[in-house]
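Using UniProt numbering, read the sequence shown as starting at 1 and increasing by one per residue. Even glycine gets a Cβ: it sits at the ideal position worked out from N, Cα and C. So the structure is just underneath, and the comments pick up after that.
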Amino acid sequence: MRICKANKSELLENSRRNKKKLKPRLNHEEHFRIRSAICQDQLILRYGHSAMADATFHMTVALIKMGQIRVPMWSEESERLRFEHRMGFLSTIGDPLHVSYEEFLVRSKIRELTGGDVAVPLQRAVDTFELARSQFEKLVDRPEFTMHTKPVILVCRTNVVVARLLLAGNVRDRRVTYQFMPESPIFPILKLVSDK
Numbered sequence: 001m002r003i004c005k006a007n008k009s010e011l012l013e014n015s016r017r018n019k020k021k022l023k024p025r026l027n028h029e030e031h032f033r034i035r036s037a038i039c040q041d042q043l044i045l046r047y048g049h050s051a052m053a054d055a056t057f058h059m060t061v062a063l064i065k066m067g068q069i070r071v072p073m074w075s076e077e078s079e080r081l082r083f084e085h086r087m088g089f090l091s092t093i094g095d096p097l098h099v100s101y102e103e104f105l106v107r108s109k110i111r112e113l114t115g116g117d118v119a120v121p122l123q124r125a126v127d128t129f130e131l132a133r134s135q136f137e138k139l140v141d142r143p144e145f146t147m148h149t150k151p152v153i154l155v156c157r158t159n160v161v162v163a164r165l166l167l168a169g170n171v172r173d174r175r176v177t178y179q180f181m182p183e184s185p186i187f188p189i190l191k192l193v194s195d196k
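Below you can see the structure in the form of structure tokens.
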């Protein structure tokens, strides 16, 4: 009988110790779950921003091709000089962020895009704006991201409509302008303006 009582008291003592050890472990696991969810949300946000930049690039290429944006060309080297001037501040950072003009030409495929049909960059812009919007909409229910995502979703929706109108070809007498909202100072909204 004494052995049974000793075993019971030992078991009870062990379970108390295990509960004390388990509580910090559970707290650590919960903290890890919260941190990993926040990191995943930040990755979604960055992926959306990357898609927005890509869509804006394709839209700009289409507007250059349509004659809506004029790029001054004095010589073959003028675009290289402009690029190096715009990206000069990144040269001090180093290789991951600094891209040479040749790398830019290869990665962006700008020559193929400007040499082909205008429908290709317009369709890519539509698809990429839609992709960015879908990424940002994943974060709408997160209070810490709502302030950043709602204005950008509006930019995506507006730019998709403008790109589709340009793709349909019904707005030849209109000019496209870029406008920046105070809530979204990085990515422009495209507006169709009459040429009056």
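Could you give the distance in angstroms between the alpha-carbon of residue i and the alpha-carbon of residue j?
i	j	result
residue 137	residue 76	43 Å
residue 184	residue 148	8 Å
residue 176	residue 101	28 Å
residue 195	residue 69	14 Å
residue 182	residue 127	25 Å
residue 29	residue 141	23 Å
residue 32	residue 150	28 Å
residue 113	residue 106	12 Å
residue 35	residue 115	46 Å
residue 27	residue 103	47 Å
Report back the beta-carbon spacing between residue i and residue j to the nearest angstrom; my notes put them in contact at under 8 Å.
i	j	result
residue 139	residue 43	With a Cβ gap of about 11 Å, residue 139 and residue 43 do not count as contacting.
residue 174	residue 193	6 Å
residue 200	residue 73	The shown model of the chain, from 1 to 196, leaves out residue 200, and the question about it has no answer.
residue 189	residue 155	5 Å
residue 125	residue 55	5 Å
residue 129	residue 160	5 Å
residue 62	residue 122	5 Å
residue 57	residue 108	7 Å
Closer than 7 Å by C-beta to residue i: which residues in its own chain qualify, once you throw out the five before and the five after it? Chain order, please.
i	result
residue 71	64
residue 88	none
residue 66	118
Given residue i, which residues of its chain have a CB within under 6 Å of its CB, disregarding the five upstream and five downstream residues?
i	result
residue 191	177 and 179
If you compare alpha carbons, which of the options is closest to residue i?
i	options	result
residue 186	29, 53 and 92	53
residue 143	27, 182, 33 and 41	41
residue 39	158, 182, 150 and 145	145
residue 198	112, 111 and 85	In the structure displayed, the chain extends from 1 to 196; residue 198 sits before or after that span and is not available.
residue 131	150, 35, 157 and 114	157
For residue i, which residues in the same chain have their Cβ closer than 8 Å to its Cβ, ignoring the five residues on either side in sequence?
i	result
residue 1	Caution applies to residue 1, whose pLDDT of 47 falls short of 50 and renders its modelled position unreliable; the value that the coordinates give is listed next. So no residue of the chain qualifies.
residue 111	105
> Touch check for the segment 76 to 89 and the segment 155 to 173: three-plus C-beta pairs under 8 Å?
Replying inline: no
> Would you call the segment 118 to 136 and the segment 38 to 58 in contact, with 3 or more CB pairs under 8 Å?
Replying inline: yes
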